[in-house]
Every structure is written in structure tokens, then in C-alpha cells.
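The listed protein sequences derive, respectively, from chains G and A.
Per the working numbering, the first sequence starts with residue 23, numbered consecutively.
Per the working numbering, the second sequence starts with residue 23, numbered consecutively.
All C-beta atoms in this analysis are idealised placements derived from N, C-alpha and C, irrespective of residue type, glycine included.
Just below is one structure, and these are the notes that go with it.
Number of protein chains: 2
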Amino acid sequence: MAHDDPHIPRGQPLTLDCLTCRTRRTAEWAALSDEDLAEVNATKTTRRYQRGEIVYAHGQPCNGLYCIASGTTAVRRAEPALPTVLVRLAFAGETLGYRALLEGTVCAGDAKVLEPSVICHVELVPVQRLLRRHRPLVMRFQSHLAADLDAAEAGLAQVAWLPVRSRVARLIVGLAERSTEINGEEALEVSLPMTRRDMAELLCTRPETLTRALQSMEDDGLLRNAGHRLAIPSLPRLREETVPPPA
Amino acid sequence: MAHDDPHIPRGQPLTLDCLTCRTRRTAEWAALSDEDLAEVNATKTTRRYQRGEIVYAHGQPCNGLYCIASGTTAVRRAEPALPTVLVRLAFAGETLGYRALLEGTVCAGDAKVLEPSVICHVELVPVQRLLRRHRPLVMRFQSHLAADLDAAEAGLAQVAWLPVRSRVARLIVGLAERSTEINGEEALEVSLPMTRRDMAELLCTRPETLTRALQSMEDDGLLRNAGHRLAIPSLPRLREETVPPPA
DNA sequence: GCAGACGCTTGACCTGCATCAAGGCGGTTC
DNA sequence: GAACCGCCTTGATGCAGGTCAAGCGTCTGC
Numbered sequence: 023m024a025h026d027d028p029h030i031p032r033g034q035p036l037t038l039d040c041l042t043c044r045t046r047r048t049a050e051w052a053a054l055s056d057e058d059l060a061e062v063n064a065t066k067t068t069r070r071y072q073r074g075e076i077v078y079a080h081g082q083p084c085n086g087l088y089c090i091a092s093g094t095t096a097v098r099r100a101e102p103a104l105p106t107v108l109v110r111l112a113f114a115g116e117t118l119g120y121r122a123l124l125e126g127t128v129c130a131g132d133a134k135v136l137e138p139s140v141i142c143h144v145e146l147v148p149v150q151r152l153l154r155r156h157r158p159l160v161m162r163f164q165s166h167l168a169a170d171l172d173a174a175e176a177g178l179a180q181v182a183w184l185p186v187r188s189r190v191a192r193l194i195v196g197l198a199e200r201s202t203e204i205n206g207e208e209a210l211e212v213s214l215p216m217t218r219r220d221m222a223e224l225l226c227t228r229p230e231t232l233t234r235a236l237q238s239m240e241d242d243g244l245l246r247n248a249g250h251r252l253a254i255p256s257l258p259r260l261r262e263e264t265v266p267p268p269a
Numbered sequence: 023m024a025h026d027d028p029h030i031p032r033g034q035p036l037t038l039d040c041l042t043c044r045t046r047r048t049a050e051w052a053a054l055s056d057e058d059l060a061e062v063n064a065t066k067t068t069r070r071y072q073r074g075e076i077v078y079a080h081g082q083p084c085n086g087l088y089c090i091a092s093g094t095t096a097v098r099r100a101e102p103a104l105p106t107v108l109v110r111l112a113f114a115g116e117t118l119g120y121r122a123l124l125e126g127t128v129c130a131g132d133a134k135v136l137e138p139s140v141i142c143h144v145e146l147v148p149v150q151r152l153l154r155r156h157r158p159l160v161m162r163f164q165s166h167l168a169a170d171l172d173a174a175e176a177g178l179a180q181v182a183w184l185p186v187r188s189r190v191a192r193l194i195v196g197l198a199e200r201s202t203e204i205n206g207e208e209a210l211e212v213s214l215p216m217t218r219r220d221m222a223e224l225l226c227t228r229p230e231t232l233t234r235a236l237q238s239m240e241d242d243g244l245l246r247n248a249g250h251r252l253a254i255p256s257l258p259r260l261r262e263e264t265v266p267p268p269a
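As C-alpha cells, this is what we get:
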């Protein structure tokens, strides 16, 4: 996706302008004036990531913020004595590593790039300076925190009450919705920019079970499965699967 | 518990002084100077809650903050089309309903009192005024948000990787730790101020399964079960149960 | 006192999902 | 192109825990 993204120049050197970045209005930086944003722009560095590269790792001290210009990354969470969990996906326009920054702690997990991506890095000091000065920016980060909390709690609710198949349906519907404010409700495609293992981890299940769930949904005509690209004949019918089964 | 708490006067009228409240240093208000806190104190109201009473309900617009002076309350989270989940317990010194306040949304769930409690209510307007003026207070609430997010993600990790028995052990160890910075590691007691149903919901399981897990742990001598009061012969041995079983 | 309600426990049963194991299909390396 | 490797899929099996149902103690109201 990202590697042939028309917005991102392919040749080196790789320079992006925050002021004209298409994530300008969605990222936290939307709270900043042009002048303040120019300050971010001046100190940031941009770099291309390959699939599988680590943005930040568990236990590492926070060294600033990462802002996804394009691509998708998986945010994992490490819990002592437990395997890691994939807690969320982060898409273009989202900020990574803000929690460690706000709380002044080390990173609580890893962020790994799922598709070729372009990610900007803003140094710790300028961000802190802006945060000190700029209330609305603080509020934006706070909202991000609140949104993540929402998502985590929603995840708990789903694991507690829904069978794997419904959770799969929810994930796909979610991906479909965010990739298409364009189309109507009709036939559409979504890409799954991750391995079955990652997806299983996101849904709190195992790859084998996930495959079987996808298979059964395909058998029921809810989707057509082509590896990492799914076709959805009818979004409304898929949506019906997102509620607990009647029995 | 709370009803014979020496710190809380039993007779009406019920008045507490924020400045001398024993939660003064743990609650978010710790960020405030005496003068600012006096402002909170002047506008707050205090009231006694019975077991089962609702502090705030799902969908209700935020009308301020609730500060638990004594007692325990269960915070539930509502997800559309799904049964409710118990996402956390809140103890004395904790603030309830801060998320709706910070984000300006309606309440995302319910808070229900588990034991006779005393809870103070601070009106919306004074809090907003303080938040506007007082950065450290904002930061405190932000930290609360971050801590809740941590807990929610830890919950996900546990559900994903641990069997019910280990999750039960974690809950009990957690309760034991917070109720006893006093004792050493030796024999101690913890109270479970909630129904089996609530506890099951907190652990993402069913009451029957929970009972069986407690039963099996009692059989193994890890605890002695007396309804809502558990005796723990050896906290270290219980702690061993909190990691994934070897097999 | 009794009746009803509620919460807890226990038993019996069954199923959804994890686990283990094997085979297929790209993709990469030499 | 052969050999390897990681990923996905499929099958077979077993079990943890969900579900249903009954019995029992405790509390409450009348």
C-alpha cells in the first residue's frame, strides 16, 4: 500500500512537511497553530520502515513521539511473566509512544511495522516544550488516551461475551469502515495487513481457530477469502454477525 | 466495613473536610493547594450509599465527579448490543466519573456501590474551573486515565493467556496486597466485597466456574474459603499460581 | 413463624476452542 | 532449480470451561 502511495515520494532524501501532511487534521498536531507546527516540522526526522521493523521496544526509555505518515503498525503490550498481546493497530495519522511520554515511563510494549511505512520521529524535548505551553495539545493526547482506554475496555467486553466468529466479524467490519467512507454499503474489499498470528493475537485466539472462523464465514457466503485481501459481498449481513449468536 | 469505619461519623448530618480527609494525599486532589482544595470542599456534598446503590448510570450526562471517602464500588462498562462488563473496582481515595468529565461525553457505564460507602460529589463547574487553572490537576487525571488503560490492557493479557484459576489467584493477590502493606508475607485475610457474579464478571468467566476454581484452590491448601472472607495461609504459594501453568 | 427471593454450591453434560501434528504453498538463498 | 523457511490450512483429539438444572442456606418482608 504505502510503497506506491502517491503522497509519499519514493526517492531519497525523504522529507515531509507537517504543514501539508495529509494527517495534519487528524493527528494530535491538529491542535497546533501553523507556527507551532513549524517548530515540530523543523526538528522532526522522517524515515521509511520495512515490514517487521521495530519502532520502539518494550522497556526502552521514551525518546520522543512517532507519527505515522503512512502504513500500519501493531502495538503490543508486555505483561510481566506473560506472553505479549497485540492490543491495537495504529494507522496513518496516529501517534505512537505518547503514553510513555506523558507519564514519563519506559515503553510498556513494542510497536512493529506491519506494512512498508513512513514514520516521523519528533524529539522528546520539543514535544515537552509544546506540551508545557499548549493546553489544547495536552487535551488531544488526553483524548487519545481516553480513546485507547475505550478500545481496550471494548476488547474486554468482546472477549468476555463473543465467540471467535463474532469477534472476527467485528474486526473486519471495523477495518471495512475505516477504509471506506467512500463506498456505500455494497460490495467492498478490505486488506488485512498482518499475519494470521497477529490477527489471532488481536482477537485473543489462535491462528488455527481464526482460519477456521474465516473458513466458516466464507462457507456462509459472508466473505470471499483471498489471503490478505477479503471481499465482502454484503456489509450489513456481516454486521449481523457482530452481535452474540441467538442460541 | 465502612459503616463502622472510625473515620466516618455515623450520625447525620454527614460532613467531611477535604483538607483532613485521609484520601487527601492519594486522590487527584493531592495536586491542589490548601486554598484550592478549600474551594472543592466548599462546594462538595457528601452522602452515604447503601450496598447496591448506583452512583452514576450508563448514558447519563456527566454532572461532576465522585470521590470515594470509604467503601468499594464496581465500575461497569456498557458496550452496544453486549452485556455489561465489570472493568474495575474502585476503592477509597479513588475518583469516579472523571472520564466523562474530561472528554465531555456521557457516562460509558455504571458505577455501583458494593459495600456501605461514603462518597463525595463535586459539581461540574468548580472542577472545570480548577482544571482550567491548574495544570498539575490535569496531569493527575491524565495519570488516572493512563493507569486505567494499563489495567485494561493487563486484563486483556490475562484473559488471553491465563486459565481461570490463575486469574482468580491474581485477583486475590491484588486484593491482599492493597489491603496489607501492614502484615508481612504470612497468613492473612482478604475480604471479597462483592458477589460471585460480580467477581466472575471481573475475571471474564461464570459464577459456577469461579466457585469451582476457588474450591480447587482450597483443596490444594492455597486458601481457606469462608464466603466473602478468604484466609490465605501463604501468599508466596498463591503468587506461584499467578503465572501460566507449566504444562 | 412462613414464604419468597436471592446467592452460592454442586452435579451432569456438552461444546468451542486449544493443542498437536502433518502437509501445501510462496518466497528467499545459494 | 534445489533446499529451506515461514506462513497458512486442515485434520484429529482432548479438555477447560460454559450451560442447564437442582438443592440449600441466608435474608427479608409480612
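Just so you know, the alpha carbons of G249 of chain G and R192 of chain G end up roughly 18 angstroms apart.
Remark: C-beta atoms of V128 of chain A and G81 of chain A approach each other more closely than 8 angstroms. Among the bridge pairs identified by DSSP, R46 of chain G is matched with none. The straight-line gap separating the alpha-carbon atoms of I194 of chain G and W183 of chain G is approximately 18 angstroms. Short of 8 angstroms from the beta carbon of Q72 of chain A, and not among the five residues preceding or following it, lie these beta carbons of its own chain, in chain order: V135 and P138. Chain-order list of chain G residues neighbouring R99 of chain A: E175 and A179, by C-beta distance under 7 angstroms. Taken atom to atom, the span from the alpha-carbon of L153 of chain A to that of V160 of chain G is near 12 angstroms. When C-beta distances to chain A are compared with 9 angstroms, the residues of the segment 120-139 of chain G below that value are R121, L124, E125, T127, A130 and G131, in chain order. With fewer than 16 other CB atoms across the displayed protein chains lying within 10 angstroms of its CB, I76 of chain G is exposed. Beta-bridge pairing by DSSP links R69 of chain A to A:I141. Distances from the CA of D39 of chain G to each of G:G131, G:P105, G:G126 and G:V140 were compared; the closest alpha carbon is that of G:V140.
Against P266 of chain A, the close residues of chain G are A103, L104 and P105, in the order they occur along the chain (beta-carbon pairs closer than 9 angstroms).
Listed by position along chain G, the residues whose Cβ is nearer than 7 angstroms to that of V160 of chain A are V160.
The residue among G:R219, G:A169, G:L224 and G:R200 with its C-alpha nearest the C-alpha of S213 of chain G is G:R200. Rounded to whole angstroms, the separation of the alpha carbons of S55 of chain G and A91 of chain G is 19 angstroms. Within the model, the alpha-carbon separation for R98 of chain A versus T65 of chain G is close to 43 angstroms. DSSP places E175 of chain G in the helix class (H, G or I) of the three-state scheme. Going by DSSP, A96 of chain A is part of the beta strand (DSSP E) stretching over T95 to R99. Closer than 8 angstroms to the CB of C89 of chain A there is not a single CB belonging to chain G. Contacts with chain G at 8 angstroms (Cβ-Cβ) do not include Q150 of chain A. Interface annotation, A168 of chain G: in contact with chain A, CB-CB separation under 8 angstroms. The C-beta of A182 of chain G comes closer than 8 angstroms to at least one C-beta of chain A. Look at S256 of chain A: its C-beta is not under 8 angstroms from any C-beta on chain G. With its beta carbon at least 8 angstroms from every one in chain G, V195 of chain A lies outside the interface.
For V62 of chain A, no Cβ of chain G is located within less than 8 angstroms of the residue's own Cβ.
If you look at V186 of chain G, you'll find it in the alpha helix (DSSP H) that goes V186 to S201. Counting only runs of 3+ residues, the beta strand (DSSP E) found wholly inside the segment 203-246 of chain A occupies 210-213, in chain order. For G196 of chain G, the number of other beta carbons within 10 angstroms of its own is below 16, and it is reported as exposed. Between the beta-carbon of G115 of chain A and that of T48 of chain A there is about 4 angstroms, and that keeps the pair under the 8 angstroms contact cut.
Neighbourhood of L171 of chain A in chain G, by CB distance below 7 angstroms: L167, D170, L171 and A174, in chain order. If you draw a 10 Å sphere on the C-beta of T37 of chain G, you find fewer than 16 other C-beta atoms in it, and that means exposed. By alpha-carbon distance to C142 of chain A, the top candidate from A:L118, A:H156, A:E125 and A:G131 is A:L118. If you check each beta-carbon in the segment 65-92 of chain A against every beta-carbon of chain G, none falls closer than 7 angstroms. At a cut-off of 8 angstroms between C-beta atoms, V186 of chain G does not count as an interface residue with respect to chain A. Against chain A, the beta carbon of V109 of chain G has neighbours under 7 angstroms at E175 and L178, listed in chain order. The C-alpha of A103 of chain G lies about 10 angstroms from the C-alpha of Q180 of chain A.
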